[in-house]
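Enquirer:
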RNA sequence: GUCAGGGUAGCUCAACGGUGGAGCGGAGUCUUCAUAAGGCUAUGGUUGAGGGUUCGAAUCCCUCCCCUGACACCA
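Residue numbers (this note's numbering): -5 to 467.
1) Could you give the distance in angstroms between the alpha-carbon of residue 282 and the alpha-carbon of residue 171?
2) In terms of residue numbering, what span does the alpha helix (DSSP H) encompassing residue 377 cover?
3) Tell me the DSSP secondary structure of residue 42 in three-state form.
4) Applying the 10 Å Cβ sphere with the 16-neighbour rule, what's the burial state of residue 213?
5) Where does residue 76 fall in DSSP's three states?
6) Would DSSP call residue 457 helix, strand or coil?
7) Output needed for residue 17: all residues of its chain with C-beta closer than 7 Å, excluding positions within five of it in sequence on either side, in chain order.
8) Which residues bound the beta strand (DSSP E) around residue -3?
9) So does residue 419 have its beta carbon nearer than 7 Å to some heavy atom of the ligand NAP?
10) Report the rounded CA-to-CA distance for residue 299 versus residue 57, giving the unit in angstroms.
11) At what residue ranges does the stretch 223 to 294 contain a whole run of the beta strand (DSSP E), taking only runs of 3 or more?
12) Rounded to a whole number of angstroms, what is the C-alpha to C-alpha distance between residue 347 and residue 429?
13) Where does residue 36 sit, in a helix, a strand or coil, going by DSSP?
14) State the Cα-Cα distance for the pair residue 157 and residue 215, rounded to the nearest angstrom.
15) Can you give me the Cβ contacts of residue 98 inside the same chain, cut-off strictly under 8 Å, excluding the 5 residues immediately before and after it?
16) To which residues of the same chain is residue 387 closer than 8 Å at the C-beta, ignoring the five residues directly before and after it?
17) So what's residue 65 in DSSP terms, helix, strand or just coil?
18) Going by C-alpha to C-alpha distance, which of 367, 464, 100, 360 sits closest to residue 344?
19) Taking residue 34 and residue 72 to be in contact with their CB atoms under 8 Å, please state how far apart those CB atoms are, rounded to whole angstroms.
20) Once the 5 residues before and after residue 336 are set aside, which same chain residues still bring their CB inside 8 Å of it?
21) Look at residue 200 and residue 150 and say whether their C-beta atoms are less than 8 Å apart.
22) Which two residues bound the contiguous beta strand (DSSP E) that contains residue 87?
23) Can you give the Cα-Cα distance for residue 179 and residue 362, rounded to whole angstroms?
24) Where does residue 374 land, buried or exposed, given buried means 16+ other C-beta within 10 angstroms?
25) Please return the same chain residues whose Cβ sits closer than 8 Å to the Cβ of residue 272, not counting the five positions on each side in sequence.
26) Give a yes or no on contact between the stretch 400 to 420 and the stretch 433 to 444, applying the rule of three or more CB pairs nearer than 8 Å.
27) Output needed for residue 46: all residues of its chain with C-beta closer than 6 Å, excluding positions within five of it in sequence on either side, in chain order.
28) Provide the residue(s) that pair with residue 211 in DSSP beta bridges, ordered along the chain.
29) How would you label residue 410, buried or exposed, when you count the other beta carbons within 10 angstroms and need 16 or more for buried?
30) Do residue 92 and residue 68 come within 8 Å of each other at the CB atom, strictly closer than that value?
31) So residue 251 packs on residue 1, CB below 8 Å; how close in whole Å?
32) Going by C-alpha distance, which of 50, 78, 274 is nearest residue 202?
33) Looking only at its own chain, which residues have a Cβ that is under 6 Å from the Cβ of residue 117, when we skip the five neighbours before and after it?
34) Does the separation of the CB atoms of residue 264 and residue 39 fall below 8 Å?
35) Could you tell me which residues DSSP pairs with residue 171 in its beta bridges?
36) Can you grab the Cα-Cα spacing for the pair residue 26 / residue 85, in whole Å?
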């Protein structure tokens, strides 16, 4: 049985998820459901990046011990998957010293053996208030713009990763689509970044700067492995790397990493380079989505209070409606503005009046007749081709065109005026078969609705069901 | 500042050298099987601004304005 390994991004857990985060969960789950329809064995992984300094700062701010803080917020992120009805196979935490840390250290050692990790002195302007290095360009009159203090000129010994060594290899891999970056605009961005010339990047921090948090550098108790080297490795440790080699070898490489545009570079440049250094196979695809924003392209933010809570939206409209909205309204290669007005418009037009109403009217018409056993629907080749481009919105537009077509056919045939039951049966049989095909095609997008429709028409005698999507007034 | 993408009907977007299209919303109308749902029809646009090339430009070129992103060790 072919296997298909999907991941979503590994977020910081220093805040709460908002409605925009669900886009990625739905995309990843749609891919998983699609692969299952093809008969693949699937694994969907997410996790939490817990060894970042930002978490420590957030914990301090909330007055919680770091461990308690991480337990609390990791659970919130993990539970969000449950709220949106997406079943994760693995949620791998970065603070997991048993399963995660050995893998990070193992990857480090392999890169070190390849000669790609070396010690170098890093010089920079350090703002104590920010606990971060500042670039000249970020300073205002030579002072930190936030703390109004003069940053200290300090130098620190860090370990660096020889990213520069992989520049040409990465270009080749991406241009040949061996490492496939979707969509093309994000691929172009990655290529242009690499072609500007890659510099080695720092992969460790002193214990002091890391506040003692993180995976220790093997053989150097004074340094912690820095966040990207650590966080990205979750994609491997979550499936056994460093702990259960057999399981890891079975699932690795990832078939697709689903991520947001903000972390393009780390997934299309740093991560493949690290894997090349360790001589591991690369992920096959990186699928990069845009952001869901508030009205007018405004970023969702806590301080503006414009970021809807996923649970709130789902409690109000239902999980399938939100899932439909995200997959149908957000193109894979651009951002989208979410508003409740737009949401309700789409809900009524597509779900209540479109799909829901069609199913209801056909079901009602079927009460007079007896359906023959339906042929088993199959995914068409063009459907598969389309799906594998991950243009979810375009695919849904095609399905909705068929819904509309059936509505027109019904209008034309006027089945409610037909007394000849044989003729009526023939017409309805045909429509039900088409709807049954639509139900299959919708499975990755609207799994529950798909199931409800299939169940409704499977019996010879149709029993009416409550509306799939009650109209919003 | 540099590079990339974009600015088209009220809204979301498609056309990417040959008579400006679709969906949604709004209007009218037909219809009743259906969730006051559905069908049909009409309406709706000096295609960001200005200039140029061309028989012909939303589409190619130039200038300008506005938005979005990337430009690395903050993720």
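Positions of the beta carbon are idealized from the N, C-alpha and C atoms, including for glycine. Computed from a prediction, not measured in an experiment: that's the story for all the values here.
Expert: For this structure:
1) Taking the first chain and counting its residues from 1, the one referred to as residue 282 is at position 288. Taking the first chain and counting its residues from 1, the one referred to as residue 171 is at position 177. Cα-Cα distance, rounded: 15 Å.
2) Counted from its first residue, the first chain places residue 377 at position 383. Residues 375 to 381.
3) As a first step, residue 42 is located in the first chain; it is residue number 48 there, counting from the start. Here residue 42 sits in strand by DSSP.
4) Locating residue 213 in the first chain gives position 219, counting from the first residue. Its Cβ having fewer than 16 others within 10 Å, residue 213 is exposed.
5) For the purposes of this step, residue 76 is identified with residue 82 of the first chain, where counting begins at 1. Residue state, collapsed to three classes: helix.
6) For the purposes of this step, residue 457 is taken as the residue at position 463 of the first chain. Reduced to three states, the DSSP call for residue 457 is coil.
7) In the first chain, counting from the first residue as 1, residue 17 sits at position 23. The answer, listed in chain order, is 283, 286, 320, 324.
8) By one-based count along the first chain, residue -3 stands at place 3. Per DSSP, residue -3 belongs to the beta strand (DSSP E) from -3 to 1.
9) Among the ligands in the structure shown, none appear at all, so the ligand NAP cannot be discussed.
10) Here residue 299 refers to the residue found at position 305 when the first chain is read from its first residue. Here residue 57 refers to the residue found at position 63 when the first chain is read from its first residue. Roughly 22 Å separates the two Cα atoms.
11) 250 to 254, 279 to 283
12) The sequence position of residue 347 within the first chain is 353, counting from 1. The sequence position of residue 429 within the first chain is 435, counting from 1. Residue 347 and residue 429 have their C-alpha atoms spaced approximately 15 Å apart.
13) Start at 1 with the first residue of the first chain, and residue 36 comes out as number 42. Strand, per DSSP.
14) Taking the first residue of the first chain as 1, we reach residue 157 at position 163. Taking the first residue of the first chain as 1, we reach residue 215 at position 221. Their backbone Cα atoms lie some 24 Å apart in a straight line.
15) Taking the first chain and counting its residues from 1, the one referred to as residue 98 is at position 104. These residues qualify, in order along the chain: 209, 219, 223, 224, 227, 231, 236.
16) The residue you call residue 387 lines up with position 393 of the first chain. The answer, listed in chain order, is 321, 322, 323, 324, 325, 326.
17) As a position in the first chain, residue 65 is number 71, starting the count at 1. Of the three classes helix, strand and coil, the one that applies to residue 65 here is helix, per DSSP.
18) The residue labelled residue 344 in the question sits at position 350 within the first chain. The shortest C-alpha separation from residue 344 is found at 464.
19) Counting from 1 along the first chain, the entry for residue 34 is found at position 40. Counting from 1 along the first chain, the entry for residue 72 is found at position 78. Their Cβ separation, rounded to whole angstroms, is 24 Å, which puts residue 34 and residue 72 out of contact at 8 Å.
20) Within the first chain, residue 336 is the residue found at index 342, counting from 1. So the qualifying residues of the chain are 323.
21) Counting from one through the first chain, the residue named residue 200 turns up at place 206. Counting from one through the first chain, the residue named residue 150 turns up at place 156. Yes, the pair counts as a contact, with Cβ atoms nearer than the cut-off.
22) Residue mapping note: residue 87 aligns to position 93 of the first chain, counting from 1. 84 to 87 is the span of the beta strand (DSSP E), which, as asked, contains residue 87.
23) As a position in the first chain, residue 179 is number 185, starting the count at 1. As a position in the first chain, residue 362 is number 368, starting the count at 1. Using only the alpha carbons, I get a separation of about 53 Å.
24) Your numbering for residue 374 matches position 380 in the first chain. Under this definition residue 374 is an exposed residue.
25) For this step, residue 272 is matched to residue 278 along the first chain. Around residue 272: 101, 104, 105, 108.
26) At 8 Å Cβ cutoff, the stretches do not touch.
27) For the purposes of this step, residue 46 is identified with residue 52 of the first chain, where counting begins at 1. The residues are 6, 221.
28) Here residue 211 refers to the residue found at position 217 of the first chain. Residue 211 is bridged to 214.
29) Start at 1 with the first residue of the first chain, and residue 410 comes out as number 416. Residue 410 counts as exposed, since fewer than 16 other C-beta atoms from the protein chains shown sit within 10 angstroms of its C-beta.
30) Position 74 of the first chain, counted from the start, is the residue given in the question as residue 68. Position 98 of the first chain, counted from the start, is the residue given in the question as residue 92. Against a cut-off of 8 Å, the Cβ pair of residue 92 and residue 68 comes out as no contact.
31) In the first chain, the residue the question calls residue 251 occupies position 257. In the first chain, the residue the question calls residue 1 occupies position 7. With 8 Å as the limit, residue 251 and residue 1 qualify as a contact, their Cβ atoms being about 5 Å apart.
32) Numbered from 1 along the first chain, position 208 holds the residue referred to as residue 202. For residue 202, the nearest C-alpha among the options comes from 50.
33) Counting from one through the first chain, the residue named residue 117 turns up at place 123. The residues are 149.
34) As a first step, residue 264 must be located in the first chain, where it is residue number 270. As a first step, residue 39 must be located in the first chain, where it is residue number 45. Against a cut-off of 8 Å, the Cβ pair of residue 39 and residue 264 comes out as no contact.
35) As a first step, residue 171 is located in the first chain; it is residue number 177 there, counting from the start. According to DSSP, residue 171 bridges with nothing at all.
36) What you label residue 26 is simply residue 32 of the first chain in a count that begins at 1. What you label residue 85 is simply residue 91 of the first chain in a count that begins at 1. Each residue's Cα considered, the two are about 16 Å apart.
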